[in-house]
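J.: Before we start, here is the structure in question, set down as structure tokens.
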Amino acid sequence: MVHWTAEEKQFITGLWGKVNVEECGGEALARLLIVYPWTQRFFSTFGNLSNAEAILHNPHVRAHGKKVLTSFGEAVKNLDHIKQTFATLSKLHCEKLHVDPENFKLLGNVLIIVMASHFTKEFTPACQAAWQKLVSAVAHALALGYH
């Protein structure tokens, strides 16, 4: 279990209340697919992913990004139970989708960049540290099905 200080919880929940899940989720997944193109192989049914512009305007990317970030919101609601919260998703990604667990870390780091770009004033170094701790905890929880 991850230990959270009151300050870390406030940084996470305070900022999460301002997040546009559709916009930030779509941008985060698009960035992942552009910056780490090998991750595109998991999204072969999404149509045209041939270049950055196509990915940025792909409705399937945006919709799945929203779904991913909505799921991430469950971590924010359940900070003290992240492993349990993602147990089913971990199993799905491990057993059915065969996603390399390293990709969860990559997506978490991309999400940090998206948050920093959307919330420039609020995303202080202390806030970033709390969010980095959160994305690391989520990535770890999602990777548990691989052990």
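Every position in the sequence shown, counted from 1, becomes a number in this note's numbering once 9 is added.
The C-beta atom is built at its ideal place from N, Cα and C for all residues, glycine as well.
Bear in mind that the values here come from a model prediction, so they are computed numbers and not experimental data.
Please state whether the Cβ-Cβ distance between V70 and F81 is less than 8 Å.
T.: No, these two residues do not count as a Cβ contact at 8 Å.
J.: Count the other C-beta atoms from every protein chain shown that fall within 10 angstroms of the C-beta of T14, then say buried if there are 16 or more, exposed otherwise.
T.: Per the 10 Å Cβ criterion, exposed.
J.: Would the beta-carbon of R40 fall within 8 Å of that of I122?
T.: In this structure, I122 lies closer than 8 Å to R40 by Cβ.
J.: Assess, as a yes-or-no matter, whether the segment 125-134 is touched by the segment 23-31 under the definition of 3 or more beta carbon pairs within less than 8 Å.
T.: Judged by Cβ distances under 8 Å, the segment 23-31 makes contact with the segment 125-134, as three or more pairs qualify.
J.: Can you give me the C-alpha to C-alpha distance between H73 and F51, rounded to a whole angstrom?
T.: Spanning the two alpha carbons is a distance of roughly 12 Å.
J.: To the nearest angstrom, how far is the alpha carbon of K114 from that of E16?
T.: Looking at the two C-alpha atoms, the distance is approximately 23 Å.
J.: For the alpha helix (DSSP H) containing S53, name the first residue and the last one.
T.: Here S53 belongs to no alpha helix (DSSP H), and DSSP marks it neither H nor E.
J.: Just reading off the alpha helix (DSSP H) that V119 is part of, what are its end residues?
T.: Taken as a continuous stretch (DSSP letters only), the alpha helix (DSSP H) holding V119 covers 111-127.
J.: Quick check on DSSP: helix, strand or coil for S145?
T.: Note: S145 maps to helix in three-state DSSP.
J.: Which class does E131 belong to by DSSP, given the choice of helix, strand or coil?
T.: DSSP places E131 in coil when its eight states are reduced to three.
J.: Using only alpha-carbon positions, find the residue among I21, K86, L88, I43 that is nearest to A135.
T.: For A135, the nearest C-alpha among the options comes from I21.
J.: Would you report the Cα separation of C33 and N57, rounded to the nearest angstrom?
T.: Those two C-alpha atoms are separated by around 21 Å.
J.: DSSP three-state call for S80: helix, strand or coil?
T.: Helix at S80.
J.: Where does K86 land, buried or exposed, given buried means 16+ other C-beta within 10 angstroms?
T.: By the 10 Å Cβ count, K86 comes out exposed.
J.: If you check the beta carbons only, do A139 and G117 fall under 8 Å apart?
T.: Contact: no.
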